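Numbered by the working numbering, the letters in the sequence shown go through residues 1036 to 1416 in order.
Cβ coordinates follow ideal geometry from the N, Cα and C atoms, glycine included.
For clarity, every value in this text was computed on a predicted model and none was experimentally measured.
Step one of this worksheet: look at the structure below.
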Amino acid sequence: MADRQSDIPPIDPALIPGFGDDRRPVVIFCVVFCLSVATAMVALRVWTRTMIIKKMGPDDWAAIATLIMTWGEGITIAVSTKYGLGKHIWAINPPTLIPVYWKTFWVTLLFYHAGLLAAKLTFLLAYYRILGIQRMRTVYLVAIIVVGMWGFAQVLITLLICRPLNGLWDKSIPANCMPTEPQIYVNAGGNIITDIAIFLLPMPAIKGLNLRKPQKILLLGVFSLGFFTVAISIVRIKFLAIKEDVTWDHVESSGWSVGELASALTCACLPTLRPLLAKFFPSLGSTYGTPSGPSGGSSNYPSTIGGGEGRRNPRGPAMFKVHGSAGGGSQTGDATNVEESFHFSSDKTDLVELGLTPSAGRGHSTDDQINNTPRQNPHGW
C-alpha cells in the first residue's frame, strides 16, 4: 500500500479547499513559549538549590526529569508540523506524510504521559521532604505509589496501544489496537482526579502549621497554584475528540498538552524560589518572612519553602531546640548563615527541613512544639 501511495502524483494546490490555511506558526509559538517558561523556572530552581541552599533533593531531580520530558514533547510537536500538524489533512501534499505524522503523534503521547508522571512525583516528593511530619509521611508514600502506578500504566498502554505497533500508522497492516477514544477520556479523567488529590494533600498539614495568618494564607495560595494545571487539563478534554481532520484539530490539544506540563513545572518550582527572592530582593523576601518579636525586632527564621537565607547572623549559627511530644525527646539543630530553617521532630523520623517561621507565643501543638529560645554558642562566634 505504501508503494501505491508513493506513485500518486502531487496534487495541484489550487484544487484543494483550504490549502492556504496554516496554523503551524501558532504551534511553533506555543511550543517555544512553554519551553522557555518551563526551562527558566527549572533553571531558577536548580540555581537556588545548588547556589543558595547548597542541597538538591529528589523532588529537584524529578523536576529536571519533567523538564526533559517537556522538551521531548515540545520538540516532537514542532517536528510534527513538518508532517502536517497545523494543516488540513486533505491539504497535506504528498499524502504519504500522514503516516509519518501519526508516528510523531505517538511519540508525543509517550513524552506527555512520562512528563505528567514526573511532574506529579515532583509535587509528592516535595511534600514528603518539606511537610513530612510523621503522621503525614505514610499518606505521601501511599500517594507516591498510587500515582506512580497510574502514570506507569499510562506509559505502558501507549507503548502497547497496537500489536504490532506499526498498525497504528499503517492501516495496511492487520493489527489489534485498543479503542483509542475511550482510552483518551479515561486517561484525562484519571489525571484530573489524581491532580486534584495531589494538590489537596498538603492543605491539612499547612493549616496545622504554627504560622502567622498572613504566612499561612500565602503558603496556601502558593500550593493552590497547582489547581491552574487542573484547569488546563479540564479545558484540554474539549479538544481530545478524534475527528477526520486530525492534523488541523490536533493543534489545540497539542498546545494544551505542552502547556499542561509547563504549567505543572511552573507551579512546582515557584514555592522553591523564596530564597532567591530573599537574596536579591530583601524587601520582597521579608514581606511575609520576618516575624516581629515582642519588641518589634526581626527574627532570624525565614519563611520559605525549601529553606532560605533570612537575616544573616553576624555571630554565626543560631542554636535552637525542637521538642517531640512522644517520649519528651528533643533535637538540636543549627540555623546556618546560608539556610536558616527550623525542623519538626518526631521520635520515629529524621528531621525534615521546613523554611517557615513559627508564630511566637501562640498555637503550639503538642506534637510539634517549638522552643524558639536562642542558645549561646560555646565558641562565641
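Hey, out of G1109, R1172 and N1128, whose CA is closest to Y1118's CA? Translated into the one-based positions of the sequence shown, residue 1118 becomes position 83. Taking only the C-alpha atoms, the option nearest Y1118 is N1128.
Enumerate in chain order the residues of its own chain whose CB-to-CB distance from I1272 is below 6 Å, with the five nearest sequence positions on each side excluded. The count along the sequence shown starts at 1 and reaches residue 1272 at position 237. If we look at I1272 and ignore the five residues flanking it on each side, its Cβ neighbours are A1223.
Looking at the structure shown, is R1058 part of a helix, part of a strand, or coil, going by DSSP? Position 23 of the sequence shown, counted from the start, is the residue given in the question as residue 1058. Correct three-state label for R1058: coil.
Option in E1287, S1207 and Y1175 with minimal Cα separation from R1164: Translated into positions along the sequence shown, residue 1164 becomes position 129. Checked all of E1287, S1207 and Y1175; the closest Cα to R1164 is Y1175.
Could you tell me whether the Cβ of T1193 comes closer than 8 Å to any Cβ of chain B? No chain B appears in this structure, which consists of one protein chain only.
Entirely enclosed alpha helix (DSSP H) segments - the region 1277-1311, minimum 4 residues: 1281-1304
Just to confirm, are C1304 and R1080 a CB contact at a threshold of 8 Å? For this step, residue 1304 is matched to residue 269 along the sequence shown. For this step, residue 1080 is matched to residue 45 along the sequence shown. Their beta carbons are under 8 Å apart, which means C1304 touches R1080 by this criterion.
With a Cβ-Cβ cutoff of 8 Å, do T1157 and T1074 count as a contact? As a first step, residue 1157 is located in the sequence shown; it is residue number 122 there, counting from the start. As a first step, residue 1074 is located in the sequence shown; it is residue number 39 there, counting from the start. In this structure, T1074 does not lie closer than 8 Å to T1157 by Cβ.
Return the CA-CA distance between A1154 and L1235, expressed in angstroms with no decimal places. For the purposes of this step, residue 1154 is taken as the residue at position 119 of the sequence shown. For the purposes of this step, residue 1235 is taken as the residue at position 200 of the sequence shown. A1154 and L1235: Cα-Cα distance of roughly 16 Å.
For L1254 and V1061, what's the separation of their Cα atoms in angstroms? The residue given as residue 1254 occupies position 219 in the sequence shown. The residue given as residue 1061 occupies position 26 in the sequence shown. Going from the Cα of L1254 to the Cα of V1061 covers about 36 Å.
Cβ atoms of L1311 and A1098: under 8 Å apart, would you say? Here residue 1098 refers to the residue found at position 63 when the sequence shown is read from its first residue. Here residue 1311 refers to the residue found at position 276 when the sequence shown is read from its first residue. No, the Cβ-Cβ distance between A1098 and L1311 is not below 8 Å.
Find out if the Cβ-Cβ distance for the pair P1134, D1205 is shorter than 8 Å. Here the question's residue 1134 lines up with position 99 in the sequence shown. Here the question's residue 1205 lines up with position 170 in the sequence shown. Cβ atoms of P1134 and D1205: closer than 8 Å.
Beta-bridge partners of C1197, as assigned by DSSP: Start at 1 with the first residue of the sequence shown, and residue 1197 comes out as number 162. Paired residue(s): C1212.
Give every residue of the same chain whose Cβ lies closer than 7 Å to the Cβ of I1219, excluding the five residues on either side of it in the sequence, and list them in chain order. By one-based count along the sequence shown, residue 1219 stands at place 184. So the qualifying residues of the chain are L1275.
Nearest CA to the CA of W1096: which residue from D1284, V1077, V1293 and E1108? Position 61 of the sequence shown holds residue 1096. Of the listed residues, the one whose Cα sits closest to W1096 is V1077.
Identify the continuous alpha helix (DSSP H) that holds N1115 and give its terminal residues. As a first step, residue 1115 must be located in the sequence shown, where it is residue number 80. Here the sequence assigns Ser to residue 1115, which means Asn is not the residue at that position. P1093 to S1115 is the extent of the alpha helix (DSSP H) around S1115.
Alpha carbon to alpha carbon, how far is F1187 from P1317? In the sequence shown, counting from the first residue as 1, residue 1187 sits at position 152. In the sequence shown, counting from the first residue as 1, residue 1317 sits at position 282. Their backbone Cα atoms lie some 43 Å apart in a straight line.
Check whether the region 1228-1248 and the region 1191-1203 touch, using three or more Cβ-Cβ pairs below 8 Å as the test. no
Leaving aside the five residues before and after T1229 along the sequence, list all residues of the same chain whose C-beta is less than 7 Å from its C-beta, in chain order. Taking the sequence shown and counting its residues from 1, the one referred to as residue 1229 is at position 194. These residues qualify, in order along the chain: K1155, V1182 and W1185.
For W1204, which three-state DSSP category applies? The residue given as residue 1204 occupies position 169 in the sequence shown. Coil at W1204, not helix or strand.
How far does the alpha helix (DSSP H) with P1134 in it extend, from its first residue to its last? The residue you call residue 1134 lines up with position 99 of the sequence shown. DSSP places P1134 in the uninterrupted alpha helix (DSSP H) bounded by L1132 to I1165.
For V1293 and I1103, which I take to be in contact (beta-carbon distance under 8 Å), what is that distance rounded to the nearest angstrom? To locate residue 1293, count along the sequence shown from 1; it is residue 258. To locate residue 1103, count along the sequence shown from 1; it is residue 68. Not quite, the Cβ-Cβ distance comes to about 13 Å (not below 8 Å), so this is no contact.
Where does G1129 sit, in a helix, a strand or coil, going by DSSP? For the purposes of this step, residue 1129 is taken as the residue at position 94 of the sequence shown. Just to set this straight, residue 1129 is Pro in the shown sequence, not Gly. Residue state for P1129 is assigned as coil, using DSSP reduced to three classes.
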